[in-house]
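Novice: The sequence shown begins at 45 in the numbering used here and counts up by one. We treat Cβ as the ideally placed atom computed from N, Cα and C, and that holds for glycine. These numbers were taken from a predicted model, which means no experiment stands behind them.
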Amino acid sequence: MKIIFNIIKIIIIIIVVAWIGLFITDYLRAQKSEKPLFCLNEQNSEINGGTYYSCTSFGYKFYKYENPDAESKIGFGPAFVENEYEKEMNKQ
Numbered sequence: 045m046k047i048i049f050n051i052i053k054i055i056i057i058i059i060v061v062a063w064i065g066l067f068i069t070d071y072l073r074a075q076k077s078e079k080p081l082f083c084l085n086e087q088n089s090e091i092n093g094g095t096y097y098s099c100t101s102f103g104y105k106f107y108k109y110e111n112p113d114a115e116s117k118i119g120f121g122p123a124f125v126e127n128e129y130e131k132e133m134n135k136q
């Protein structure tokens, strides 16, 4: 019984460490304006004459808004929070 609990603890620790590594890697890639390694859900849209790209991964989201008249904006945050561009899309 004790061996099973130790195996379960080791598996949970490996999963958490792998997720943290993936999160840090994707965060650093977002700082360089690169897409995340894994995308569970991708979304491309047109908003106010600009293009919006969103990639949802394991609990976090990378998004990029490019407008030809202004500079591009890049964001990285939790997947369950709507950013200002998604709120704008929901109004339309």
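Hey, how far is the Cα of GLU78 from the Cα of GLU90?
Specialist: For GLU78 and GLU90, the distance between alpha carbons rounds to 20 Å.
Novice: In terms of alpha-carbon separation, which member of GLY94, THR95, LYS105 lies closest to LEU84?
Specialist: Here the closest residue by C-alpha is LYS105.
Novice: Below 8 Å on the Cβ atoms is my contact criterion, and I expect PHE102 with TRP63 to pass it. Report the Cβ-Cβ distance as a whole number of Å.
Specialist: At roughly 6 Å, the Cβ-Cβ gap stays under 8 Å, so PHE102 and TRP63 are in contact.
Novice: Any idea what DSSP makes of PHE102, helix, strand or coil?
Specialist: Note: PHE102 maps to coil in three-state DSSP.
Novice: Kindly list the residues whose CB is nearer than 6 Å to the CB of LYS117, restricted to its own chain and excluding five residues on each side of it in sequence; keep chain order.
Specialist: Excluding residues within five positions, the ones whose Cβ falls inside 6 Å are TYR109.
Novice: GLY93: which of ARG73, PHE82, GLU115 sits nearest, CA to CA?
Specialist: Ranking ARG73, PHE82, GLU115 by Cα distance to GLY93 puts GLU115 first.
Novice: Whose C-alpha, out of TYR97, ALA123, PRO122, PHE124, is nearest the C-alpha of ASN111?
Specialist: Comparing Cα-Cα distances from ASN111 to each of TYR97, ALA123, PRO122, PHE124, the minimum goes to TYR97.
Novice: What is the rounded straight-line gap between the Cα of ILE68 and the Cα of ALA74?
Specialist: Distance between the alpha carbons of ILE68 and ALA74 is about 10 Å.
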